[in-house]
Each structure stands twice: as C-alpha cells, then as structure tokens.
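J.: My questions will all concern the structure given below.
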Amino acid sequence: GNSVTQMEGPVTLSEEAFLTINCTYTATGYPSLFWYVQYPGEGLQLLLKATKADDKGSNKGFEATYRKETTSFHLEKGSVQVSDSAVYFCALSPHSGANSKLTFGKGITLSVRP
Amino acid sequence: GAGVSQSPSNKVTEKGKDVELRCDPISGHTALYWYRQSLGQGLEFLIYFQGNSAPDKSGLPSDRFSAERTGGSVSTLTIQRTQQEDSAVYLCASSLAASSYNSPLHFGNGTRLTVT
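Which chain is which? The protein sequence lines are A and B, in order.
Numbered continuously in this note's numbering, the first sequence closes out at residue 94.
Numbered continuously in this note's numbering, the second sequence closes out at residue 112.
Take a look at the structure:
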C-alpha cells in the first residue's frame, strides 16, 4: 500500500537557519506529492505540491522537488523565521492530479527561536 | 463562514456512550473528508464523500463508526459505544472536487474527543 515516512522530530532552529525536512514515500504508479502545514491554533493548509517527477513546488520561500529515483519530496527553506513555527505534514495522493484519500506522514514539529 | 467549521471543538464522553461530530464544509465544495489524528500518529483516513455518496469507506476502523452527509453539505461522524482508543482529534476537510490538481483540501480545526 501507499505510505509516507517523515524524519523524526521535533526540530528546533534559530532564526535564519537553513531547514530541511525529509520525506520519502512508497506508492504504486505516479502519485502526486504535497506538503501541508498546521500553524498553532489553525487547521491544516496546503503549503506546496508537485504532480510529476522533477517538478518543484514552492511557496512562502519553501521548496520541495519530486524525486522519483529516490522516492523523496524533501522540504527546504533557506532562511527560516519565527513565524514558520508549525507542524509540517508530507502527503501523497495515489493518482496524478487527484487528491482523494490523501496518505499523510506523522508530521514534524518545527520551532524557530528568535 | 469562509472556512470549514467543526463542532464541538472539544468533547469528553464516558466509555460506552455514543457521540456525534459535525462538519460544515466550505460552501460549494462537493468533496468532504474525515481524518483522525491520534497522539504521535499521522492523519488516518476514515471516509470521503462526493456529494452525498461515500465512494470510499475503507478507513472506518470498525462498525461502531458511521458517517453521513445530507444536502451535499453538512456531514456527521457518529461513533457508537465509544472506547478509550477512540480518543483522538477528528479532522474534517473539504475540496471543490475529489480529483482535481487545483483543488486542495481545506481543513477545519478538528474536534478533540476524549473518552474516559
């Protein structure tokens, strides 16, 4: 079946540090890949997405590249801010362009210190 | 309202009681999803609706769990004879369509269920 594995957390960084959050997946066919973010007190919201190999999703300074050869979709940001403190979830949908029945990873909590 | 609304936000119930959780999706969103988030776990898919029908109920953990959606809008998730392992945050999400690249899921803030 489909699965998503995220690196263990939590992660604590100083402001302006470089961020990498690892995500790997197992799926049949060609899934679409997503990062969702949950800020304190808010619901999950889509951060970025990619639907085919080598696509790069980007938003709010975050980037992730769909790597089929390594089945990965690592999230990166060059300089984090305190406002980026949140829980980040990697997810996949089983069909390109579809988002029914998203499979999520366990999520990782990021705390950014001033 | 502009977003997905869930009620109640918190629910404490005794083991063996039935509970109903409600979700009001964004107006016009035809697809509606229920997920469960347990401590230290990812989001576990429960069920999704396209309109009033549920094409995929495969995630419901037991026959104590059921869900319905009426009028293509409000959905209720019912848990009968609650058990302590049902304690979790129940999340509802909606989207314009169930299979569209440009139709991300919009989540509510969830209902935190505690079974004592």
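Glycine included, every Cβ here is placed at the ideal spot set by N, Cα and C.
(1) Once DSSP output is grouped into helix, strand and coil, what is the label at residue 49/A?
(2) The segment 24 to 51 of chain A: which residues have C-beta closer than 8 Å to a C-beta of chain B, in chain order?
(3) At a Cβ threshold of 8 Å, is residue 48/B touching chain A?
(4) Taking C-alpha atoms, which residue in 82/A, -1/A, -11/A and -10/A lies nearest to residue 58/A?
(5) Report yes or no: do the segment 4 to 14 of chain B and the segment 25 to 44 of chain B share at least 3 C-beta pairs separated by less than 8 Å?
(6) Taking residue -9/A as the reference, which of 33/A, 65/A and 86/A has the closest Cα?
(7) Output, in sequence order along the chain, the residues in the segment 24 to 46 of chain B whose CB is closer than 9 Å to any CB in chain A.
(8) Mind pulling the chain A residues with CB within less than 7 Å of residue 56/B?
(9) When the Cα of residue 61/B is compared with those of 48/B, 43/B, 68/B and 67/B, which residue comes out closest?
(10) Confirm, please, whether the CB-CB distance from residue 55/A to residue -18/A is below 8 Å.
(11) When burial is assigned at 16 or more other CB atoms within 10 Å of the CB, is residue 44/A buried or exposed?
(12) Closer than 8 Å, CB to CB, is residue 68/B near chain A or not?
(13) Do you know offhand how far residue 86/B's Cα is from residue 36/A's?
(14) Taking Cβ positions only, does residue 73/B come closer than 8 Å to chain A?
(15) Have a look at residue 13/A and residue 24/A and give me their C-alpha separation to the nearest angstrom.
T.: So, from the listed chains and residues:
(1) Locating residue 49/A in the first sequence gives position 69, counting from the first residue. Looking at residue 49/A - three-state DSSP - the assignment turns out to be coil, as it is neither helix nor strand.
(2) Taking 8 Å as the Cβ-Cβ cut-off, the segment 24 to 51 of chain A approaches chain B at 24, 25, 26, 29 and 31, given in chain order.
(3) As a position in the second sequence, residue 48/B is number 52, starting the count at 1. Chain A, which has no Cβ nearer than 8 Å to the Cβ of residue 48/B, makes this no.
(4) Against the first sequence, residue 58/A aligns to sequence position 78. The option with the nearest alpha carbon to residue 58/A is -1/A.
(5) Fewer than three Cβ pairs drawn from the segment 4 to 14 of chain B and the segment 25 to 44 of chain B lie within less than 8 Å of each other, which leaves the two stretches out of contact.
(6) For the purposes of this step, residue -9/A is taken as residue 11 along the first sequence, with counting starting at 1. Of the candidates 33/A, 65/A and 86/A, the one whose C-alpha sits nearest the C-alpha of residue -9/A is 65/A.
(7) Those would be 27, 29, 31, 33, 36, 37, 38, 39, 40, 41, 44 and 46, in chain order.
(8) One-based indexing of the second sequence puts residue 56/B at position 60. Taking a Cβ-Cβ threshold of 7 Å, none of the residues of chain A is close to residue 56/B; the smallest such distance is about 13 Å.
(9) Against the second sequence, residue 61/B aligns to sequence position 65. Closest option to residue 61/B, Cα to Cα, is 43/B.
(10) The count along the first sequence starts at 1 and reaches residue -18/A at position 2. The count along the first sequence starts at 1 and reaches residue 55/A at position 75. No, they are not a contact pair.
(11) As a first step, residue 44/A must be located in the first sequence, where it is residue number 64. So residue 44/A counts as buried.
(12) Here the question's residue 68/B lines up with position 72 in the second sequence. Output row for residue 68/B: interface = no.
(13) Your numbering for residue 86/B matches position 90 in the second sequence. Your numbering for residue 36/A matches position 56 in the first sequence. Rounded to the nearest whole angstrom, the C-alpha separation of residue 86/B and residue 36/A is 31 Å.
(14) By 1-based counting over the second sequence, the position of residue 73/B is 77. Using a CB distance cut-off of 8 Å, residue 73/B does not count as an interface residue toward chain A.
(15) Sequence index remark: in the first sequence, residue 13/A carries index 33 (1-based). Sequence index remark: in the first sequence, residue 24/A carries index 44 (1-based). Approximately 16 Å between the Cα atoms of the pair.
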